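S.K.:
Numbering (our numbering), first residue to last: 23 to 236.
1) Taking DSSP as the reference, what is the three-state secondary structure of residue 189?
2) Which same chain residues end up closer than 6 Å to residue 131 when comparing Cβ atoms and leaving out the 5 residues on each side of it in sequence?
3) Among the residues of its own chain, which have a CB less than 7 Å from the CB of residue 149, if the five just before and after it don't count?
4) For a test of the three-state rule: what should DSSP assign to residue 121, helix, strand or coil?
5) Are the CB atoms of residue 91 and residue 154 within a distance shorter than 8 Å?
6) What are the boundary residues of the beta strand (DSSP E) that residue 50 is part of?
7) Look at the Cβ atom of residue 108, then the Cβ atom of residue 94, and state whether they are nearer than 8 Å.
8) Using the Cα positions of residue 129 and residue 224, report the straight-line distance between them to the nearest angstrom.
9) With DSSP collapsed to three states, give me the class of residue 216.
10) What does the alpha-carbon distance come out to for the pair residue 43 and residue 60?
11) Report yes or no: do the region 177 to 194 and the region 212 to 230 share at least 3 C-beta pairs separated by less than 8 Å?
12) What did DSSP end up calling residue 204 once you bin it into helix, strand or coil?
13) Leaving out the 5 sequence neighbours to the left and right, which residues in its chain are closer than 7 Å to residue 114 when beta-carbon positions are compared?
14) Using C-beta distances below 6 Å, list every residue in its chain close to residue 172, excluding the 5 sequence neighbours before and after it, in chain order.
15) For residue 143 and residue 198, which I take to be in contact (beta-carbon distance under 8 Å), what is that distance rounded to the nearest angstrom?
16) How is residue 168 classed by DSSP in three states: helix, strand or coil?
17) Indicate whether residue 170 and residue 233 have their beta-carbon atoms separated by less than 8 Å.
18) Assuming residue 50 and residue 235 form a contact by the criterion Cβ under 8 Å, report the distance between their Cβ atoms to the nearest whole angstrom.
19) Give me the residue from 221, 209, 222, 227 with the minimum Cα distance to residue 56.
20) So what does residue 139 bridge to, in DSSP terms?
21) Is residue 230 helix, strand or coil by DSSP?
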């Protein structure tokens with residue numbers, strides 16, 4: 023084999039093995055209509071912007087909180103904005119368990135480090151806690167808020183993971199939640215899949231947000 027041919031072969035091998043030449047993971051876009059998840063065509067899409075968490079630097083939160091996602095939006099559909107946060111913090115049992123002889127129903131709702139995941143709403147003006155859910159049975163790994171079914175009310179869309187794999191995922195379900203006045207109702211849960219990122223965007227330009235995941 024000549025030197026020139028050998029060099030050409032080596033270049034092809036290097037380009038093949040280079041991370042830059044690996045195929046990109048593209049976004050899959052879905053609509054949420056009539057309480058079901060429909061894959062949009064054409065799909066996948068490559069033009070969805072990289073989602074970023076909003077800054078919470080102005081909020082004062084306990085040092086034990088690890089905030090993994092934050093959205094400033096009208097989560098409760100009352101006309102006012104709230105901070106919706108995904109928070110990991112040391113697991114605590116329900117206070118009522120002090121007087122209940124039966125075993126706690128949330129004993130296993132935490133990761134190997136003893137941290138549980140919570141959805142918490144804060145007042146953006148003063149940082150006051152508006153609402154805080156107890157330890158979730160399955161952790162939420164990503165969070166987005168918007169009207170995804172065209173009813174002019176916001177839904178909370180999340181990626182659901184597992185405490186065994188922790189806060190770094192991957193996620194196995196897409197969930198759609200709705201504020202019911204006292205807490206959140208799970209409106210819909212997708213079939214099992216594998217996702218790591220979530221974003222809401224109007225892919226098909228119909229005026230209703232679509233759910234993009236990858």
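We treat Cβ as the ideally placed atom computed from N, Cα and C, and that holds for glycine.
Only a predicted model underlies this, so the values are computations on that prediction, with no experimental measurement involved.
M.R.: According to the structure shown:
1) helix
2) 138, 157, 159
3) 81, 82
4) helix
5) no
6) 50 to 55
7) no
8) 40 Å
9) coil
10) With a pLDDT of only 33 at residue 43, under the threshold of 50, the placement of this residue in the model should not be trusted; the figure read from the coordinates follows. Between residue 43 and residue 60, the C-alpha separation is close to 31 Å.
11) yes
12) coil
13) none
14) 230
15) Their Cβ separation, rounded to whole angstroms, is 17 Å, which puts residue 143 and residue 198 out of contact at 8 Å.
16) strand
17) yes
18) 6 Å
19) 209
20) 110
21) coil
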